[in-house]
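Under numbering that gives the first Met the number 0, the letters of the sequence shown match residues 0 to 185, in that order.
Positions of the beta carbon are idealized from the N, C-alpha and C atoms, including for glycine.
Predicted model, so just to flag it, every value in this text is computed and none were measured.
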Amino acid sequence: MNPPFLHELAKDAIATHPDDTANIINHIVTNLTATYGTNHINPKQDEWVFNNAGGAMGAMYVIHASITEYLIIFGTPLGTEGHTGRHTADDYFHILEGEQWAYTPPSLKKEVYPAGSVHHLPRGTVKQYKMHENCFALEYARGWIPLMLPFGFADSLTSTLDIPTLWDTVYITGREMIRNLMFGKI
Numbered sequence: 000m001n002p003p004f005l006h007e008l009a010k011d012a013i014a015t016h017p018d019d020t021a022n023i024i025n026h027i028v029t030n031l032t033a034t035y036g037t038n039h040i041n042p043k044q045d046e047w048v049f050n051n052a053g054g055a056m057g058a059m060y061v062i063h064a065s066i067t068e069y070l071i072i073f074g075t076p077l078g079t080e081g082h083t084g085r086h087t088a089d090d091y092f093h094i095l096e097g098e099q100w101a102y103t104p105p106s107l108k109k110e111v112y113p114a115g116s117v118h119h120l121p122r123g124t125v126k127q128y129k130m131h132e133n134c135f136a137l138e139y140a141r142g143w144i145p146l147m148l149p150f151g152f153a154d155s156l157t158s159t160l161d162i163p164t165l166w167d168t169v170y171i172t173g174r175e176m177i178r179n180l181m182f183g184k185i
């Protein structure tokens, strides 16, 4: 997968289904399945789990997870704010609906990412971010994904203590990573 292809796919989905998140997601998953097949794409669009990471809470649907990439839909109709984490992967937020804001000191200005734009977080960098009400993004990470997982699990272990959701997250992510390894995708 590559960010320019995903950006064009996200823009096409938004243009085809304006203000219709469910159909935007369906458009993306249908196209990814046609391109990469069900060996690498999780077609279970009802397989959403809560995600608490860096103080932010939303829900996610894992479309693809391997050792070197993941692709999820992340968002919330309520809005959320948190810390991006400092990762060993490049992270691309393709905003599908709503608006995301980001901030990095020493700047005194916010960065604004509306629907159809991409917020790229280069590996090793960190920001504060906010997703406003009804904000959903296609998030693509490329790099060493296993080192990102503790950030994704930490809030569940230290704050929410939501072990059933943590189990679902580990199960889905592990299942997708193992499936991709079985088909030769690292």
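For the candidate residues the options, whose alpha-carbon lies nearest to that of residue i?
i: ASN25; options: ALA55, PRO42, ALA14; result: PRO42
i: ILE13; options: THR32, GLY97, ASN1; result: GLY97
i: LEU120; options: SER65, GLY53, THR83; result: THR83
i: TYR112; options: CYS134, HIS16, GLU7, ASP45; result: CYS134
i: ILE71; options: GLY183, THR172, PHE182, LYS184; result: THR172
i: PHE4; options: GLY57, LYS108, HIS16, TYR35; result: TYR35
i: LEU148; options: THR37, ILE40, ASN30, THR168; result: THR168
i: THR103; options: ILE66, TYR128, ARG122, MET181; result: TYR128
i: ARG122; options: ARG174, GLU68, MET130, THR79; result: GLU68
i: THR87; options: HIS118, GLU80, ILE66; result: ILE66
i: ILE144; options: ASP90, ILE23, THR32; result: ASP90
i: GLY57; options: MET176, TYR170, ALA136; result: ALA136
Buried or exposed for residue i, please, with buried defined as at least 16 other CB atoms from any protein chain shown within 10 angstroms of its CB.
i: TYR20; result: This sequence places Thr at residue 20; Tyr is not what is there. It is buried - the Cβ of THR20 has at least 16 other Cβ atoms within 10 Å.
i: VAL125; result: exposed
i: ASN1; result: exposed
i: ILE27; result: buried
i: SER158; result: exposed
i: ILE185; result: exposed
i: ALA52; result: buried
i: LEU180; result: exposed
i: GLU79; result: The sequence shown places Thr at residue 79, rather than the Glu named in the question. By the neighbour-count rule (16 or more Cβ atoms within 10 Å), THR79 is buried.
i: TYR60; result: buried
Please report the straight-line C-alpha distance between residue i and residue j, rounded to a whole angstrom.
i: PHE73; j: ARG141; result: 16 Å
i: ARG178; j: GLY115; result: 31 Å
i: LEU165; j: SER155; result: 6 Å
i: GLY183; j: PRO105; result: 44 Å
i: PHE92; j: GLU138; result: 5 Å
i: ASP161; j: VAL48; result: 11 Å
i: ASN15; j: LEU8; result: Just to set this straight, residue 15 is Thr in the shown sequence, not Asn. Going by the C-alpha atoms only, they are around 10 Å apart.
i: ALA55; j: PHE152; result: 12 Å
i: ASN50; j: LEU107; result: 29 Å
i: THR75; j: LEU95; result: 12 Å
i: MET130; j: HIS39; result: 28 Å
i: PRO17; j: GLU110; result: 23 Å
i: ALA64; j: ARG174; result: 9 Å
i: ARG85; j: THR32; result: 30 Å
i: ASN22; j: PRO163; result: 28 Å
Would you mind reading off the limits of the beta strand (DSSP E) that contains residue i?
i: HIS6; result: Here HIS6 belongs to no beta strand (DSSP E); instead the alpha helix (DSSP H) covers 2-15.
i: LEU95; result: 88-96
i: PHE49; result: 47-52
Kindly identify the DSSP beta-bridge partner or partners of residue i.
i: ILE72; result: TYR60, LEU137
i: GLN127; result: HIS82, TYR102
i: VAL111; result: TRP100
So the alpha helix (DSSP H) residue i belongs to, where does it begin and stop?
i: PRO121; result: Premise fails: PRO121 is in no alpha helix (DSSP H) and is neither H nor E.
i: GLY151; result: 148-154
i: GLU175; result: 162-181
i: THR32; result: 20-35
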